[in-house]
Amino acid sequence: MTDPSFYNKSGPFTLGEIANLSEAELSDPKHASLIITDISTLGKASTGHISCLHNSKYIGNLTNTQASACILQAEHIKNAPPHLALLIAKHPYRSFGIIAKLFYPTEVKNSFISPSAVIHPTAKIGKNCSIGHGSIIEENVTIGDYCQIDAHCVISKGVILGESCRISACVTISHTIMGNFVFIKPGARIGQPGFGFHMDEKGHFDIPQLGRVMIGNDVHIGANTTVDRGSELDTVIGSGTRIDNLVQIAHNAEVGENCVLVAQSGIAGSTKLGRFVIVAGQVGIAGHLNIGDKVRIAAQSGIMRDVAAGETIAGSPAVPIRDWHKQTIAITQMIKGKKHV
143 MTDPSFYNKS
153 GPFTLGEIAN
163 LSEAELSDPK
173 HASLIITDIS
183 TLGKASTGHI
193 SCLHNSKYIG
203 NLTNTQASAC
213 ILQAEHIKNA
223 PPHLALLIAK
233 HPYRSFGIIA
243 KLFYPTEVKN
253 SFISPSAVIH
263 PTAKIGKNCS
273 IGHGSIIEEN
283 VTIGDYCQID
293 AHCVISKGVI
303 LGESCRISAC
313 VTISHTIMGN
323 FVFIKPGARI
333 GQPGFGFHMD
343 EKGHFDIPQL
353 GRVMIGNDVH
363 IGANTTVDRG
373 SELDTVIGSG
383 TRIDNLVQIA
393 HNAEVGENCV
403 LVAQSGIAGS
413 TKLGRFVIVA
423 GQVGIAGHLN
433 IGDKVRIAAQ
443 SGIMRDVAAG
453 ETIAGSPAVP
463 IRDWHKQTIA
473 ITQMIKGKKH
483 V
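Per this note's numbering: the sequence shown = residues 143 to 483.
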């Protein structure tokens, strides 16, 4: 159960209403009038709840669930108990997400500009925006309609935010142009100078960082993540990309559309990721590389070469994942062999 101290619940809804909105189909039309009061996991659900099976590891929970309804793929119908009303979906977890938003819609704050916010007179603020306590909006900033900027943010001069962006508390943004529906979570740093300097016998000489950060539409950037602005070119984050907490993206990096970057991963300068790339946790990617479309990189891998489109790689240095499995087996056999010497 969700805590009502933090979340406002809508509903109830009939299962027929839920089916119409969730990209799912009723397995039996007679269940259309069933009243659903909340969402829950299979293991914690009770009467009136709807659950989801999106991982075959939890088939046992499906068999024993007390939920009234469940969303699943057609192949799992045979595992469902007789009492359970079923919604059939190609992508059950997507459908469950739609239902979760139906019961728990995103809270939209009313238009409000705190008296403690500092807004430069040249800044352009769109209609129905919210700007929280202690936030600073510098000169020539443009903020689109329906944006929400929470407390103690700094939006530096010249920054452009599209419509319906949400900037969580304590975020700083400079040298950035972003699209619509961008969600930046607390403590993120966007547009700071990159790690750019020349090294020689005289010491370190800082190189001016003169680029920008360009963020597409519907991008999420996690808490305490950092995105450096470009040195001469721009740092680019493609539309639809999801970036987890504690990720580092260096100057001039380009991340394609709909990529996923998991926590504690880092992309060095001037590396380019294609579309739909998945970078798992604690991956390090060296600079000036090209990572093709739909590449999948296993956790804790170190990428030191270009990667062709569609490859799945693992290890440090990373190799095709089948080779990595062979290396792991070979090392295990060597260790076992030594024990018998």
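Yeah, the Cβ is synthetic: ideal placement off N, Cα and C, and Gly gets one too.
Classify D448: buried if its beta carbon has 16 or more other beta carbons within 10 angstroms, exposed otherwise.
Counted from its first residue, the sequence shown places residue 448 at position 306. Classification for D448: exposed.
Is it buried or exposed for V483, if we count other Cβ within 10 angstroms and need 16 for buried?
Within the sequence shown, the letter at position 341 stands for residue 483. Reliability of the predicted coordinates at V483 is poor, the pLDDT of 45 falling under 50, and the value obtained from them is presented with this limitation in mind. With fewer than 16 other Cβ atoms within 10 Å, it is exposed.
Could you tell me how far apart the beta carbons of I178 and S210 are, in whole angstroms, since I believe they sit closer than 8 angstroms?
For the purposes of this step, residue 178 is taken as the residue at position 36 of the sequence shown. For the purposes of this step, residue 210 is taken as the residue at position 68 of the sequence shown. With 8 angstroms as the limit, I178 and S210 qualify as a contact, their Cβ atoms being about 7 angstroms apart.
Using beta-carbon positions only, say whether I439 and V461 come within less than 8 angstroms of one another.
Against the sequence shown, residue 439 aligns to sequence position 297. Against the sequence shown, residue 461 aligns to sequence position 319. In this structure, V461 does not lie closer than 8 angstroms to I439 by Cβ.
Tell me whether G321 sits in a helix, a strand or coil according to DSSP, three-state version.
Taking the sequence shown and counting its residues from 1, the one referred to as residue 321 is at position 179. Reduced to three states, the DSSP call for G321 is coil.
Length of the line joining the Cα atoms of P350 and I473:
The residue labelled residue 350 in the question sits at position 208 within the sequence shown. The residue labelled residue 473 in the question sits at position 331 within the sequence shown. C-alpha separation (whole angstroms): 47 angstroms.
Look at the alpha carbon of A302 and the alpha carbon of H362, and state the distance between them as a whole number of angstroms.
Locating residue 302 in the sequence shown gives position 160, where the first residue counts as 1. Locating residue 362 in the sequence shown gives position 220, where the first residue counts as 1. Correcting the residue identity first, residue 302 is Ile in this sequence and not Ala. Answer to the nearest angstrom: the Cα atoms are 16 angstroms apart.
So, using beta-carbon positions, are S381 and D360 closer together than 8 angstroms?
In the sequence shown, counting from the first residue as 1, residue 381 sits at position 239. In the sequence shown, counting from the first residue as 1, residue 360 sits at position 218. Contact flag set, yes.
Per DSSP, what kind of secondary structure is F245 in: helix, strand or coil?
Mapped onto the sequence shown, residue 245 falls at position 103. Of the three classes helix, strand and coil, the one that applies to F245 here is helix, per DSSP.
Taking the alpha carbon of S256 as the reference point, which residue from L204, G239, H275, F238 has its own alpha carbon closest?
As a position in the sequence shown, residue 256 is number 114, starting the count at 1. When each option's Cα is compared against that of S256, the closest is H275.
For the segment 214 to 263, which segments carrying the beta strand (DSSP E) assignment without a break, of at least 3 residues, lie completely within its bounds, in sequence order?
227 to 230
Rounded to the nearest angstrom, how far is the Cβ of K468 from that of G452, given a contact under 8 angstroms?
Locating residue 468 in the sequence shown gives position 326, where the first residue counts as 1. Locating residue 452 in the sequence shown gives position 310, where the first residue counts as 1. Rounded, the Cβ-Cβ distance is 20 angstroms, inconsistent with contact.
Ends of the beta strand (DSSP E) at G345?
Counting from 1 along the sequence shown, the entry for residue 345 is found at position 203. Here the beta strand (DSSP E) through G345 covers 345 to 348.
Secondary structure, alpha helix (DSSP H): runs of 4+ residues fully inside the segment 335 to 391
none
Exposure label - Q475; buried when at least 16 CB within 10 Å:
Indexing the sequence shown from 1 puts residue 475 at position 333. Result: exposed.
Secondary structure of T156, DSSP reduced to three states:
Here residue 156 is taken as the residue at index 14 of the sequence shown, counted from 1. Reduced to three states, the DSSP call for T156 is strand.
6 angstroms CB neighbourhood of G286 in its chain, flanking five on each side removed
Counted from its first residue, the sequence shown places residue 286 at position 144. Hits under 6 angstroms: G268, L303, G304, E305.
If you draw a straight line from the alpha carbon of V313 to that of C295, how long is it in whole angstroms?
Within the sequence shown, residue 313 is the residue found at index 171, counting from 1. Within the sequence shown, residue 295 is the residue found at index 153, counting from 1. Answer to the nearest angstrom: the Cα atoms are 5 angstroms apart.
Quick one: using the 10 Å Cβ neighbour count with 16 as the cut-off for buried, is P234 buried or exposed?
The residue you call residue 234 lines up with position 92 of the sequence shown. Under this definition P234 is a buried residue.
Assuming A227 and T207 make a contact with CB atoms under 8 angstroms, what is their CB distance in whole Å?
Within the sequence shown, numbered from 1, the residue matching residue 227 stands at position 85. Within the sequence shown, numbered from 1, the residue matching residue 207 stands at position 65. Their Cβ separation, rounded to whole angstroms, is 12 angstroms, which puts A227 and T207 out of contact at 8 angstroms.
Looking only at its own chain, which residues have a Cβ that is under 6 angstroms from the Cβ of I278, when we skip the five neighbours before and after it?
Residue 278 sits at position 136 when you count from the first residue of the sequence shown. The residues are V260, V296.
Could you please give the first and the last residue of the uninterrupted alpha helix (DSSP H) stretch that includes T135?
Not covered by the structure: residue 135. The range shown for the chain is 143 to 483.
As assigned by DSSP and simplified to three states, the class of K478
As a working note, residue 478 is residue 336 in the sequence shown. Residue state, collapsed to three classes: helix.
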